[in-house]
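One structure below.
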Amino acid sequence: MAAIIERDGRFLVIEEHTSAGLRINQPAGHLEAGETLAEAVIRETFEETAHRFEPEALVGAYMTHFARPGGDVTYLRFTFCGKSAGEESGRSLDEGIVRAMWLTADELRASAQRHRTPLVMKCVDDYLSGRRVPLDFIHTHSVAPVVRA
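So the sequence shown is numbered by full-length UniProt numbering: it starts at 1 and just counts up by one.
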């Protein structure tokens, strides 16, 4: 999951430590057991930026493949757009997150070599082009856990 939050022409992004050095990314992360996609992006955005994210639409679903020495990896990213409903100042950010910052689209383009993946700019460009899918497009079907004796 990833979040696009635009305020006054600037986008909320994070700077984080990676194996390739400091990189810029949208607030993003993985789904935890029992979460909906919306719950996951809200949680990850708060953990990485201290901003309370309110998703308004899905921008897109993006698949990317990485060749790694230990084996190839495929990621499926659901990117949401929405607004910040406030920031909890002074809150510690997730381990590895150096800071949250607001950059314009031009500043993001100029820093493309520092993006964690090419999806950072692709998602912003899709957002700027007006791509939106209503949140009710996503259906979550929960199944009760199997209890074994």
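Where is the CB? At the ideal position from N, CA and C, for every residue including glycine.
This structure is a prediction, so every number in the text was calculated from the model and none was measured.
- Looking at the backbone, the Cα of Leu119 and that of His17 are separated by about 17 Å.
- Relative to the Cα of Tyr75, the nearest Cα in the group Ala38, Thr45, Glu56, Leu31 belongs to Leu31.
- Boundaries around Ala100 are those of the beta strand (DSSP E), 97-104, since no alpha helix (DSSP H) includes it.
- Around the beta-carbon of Thr140, fewer than 16 other beta-carbon atoms lie within 10 Å, marking it exposed.
- Straight-line measurement puts the Cα of Asp72 at about 34 Å from the Cα of Arg10.
- Taking the Cα positions, Gly96 is about 15 Å away from His115.
- Here Phe137 is exposed, its C-beta having fewer than 16 other C-beta atoms within 10 Å.
- The DSSP-derived three-state label of Arg109 is helix.
- The beta-bridge partner set that DSSP reports for Ile5 consists of Gly82.
- A direct Cα-Cα distance of roughly 15 Å separates Gly130 from Ala61.
- One alpha carbon belongs to Leu128, the other to Asp106, and they sit about 12 Å apart.
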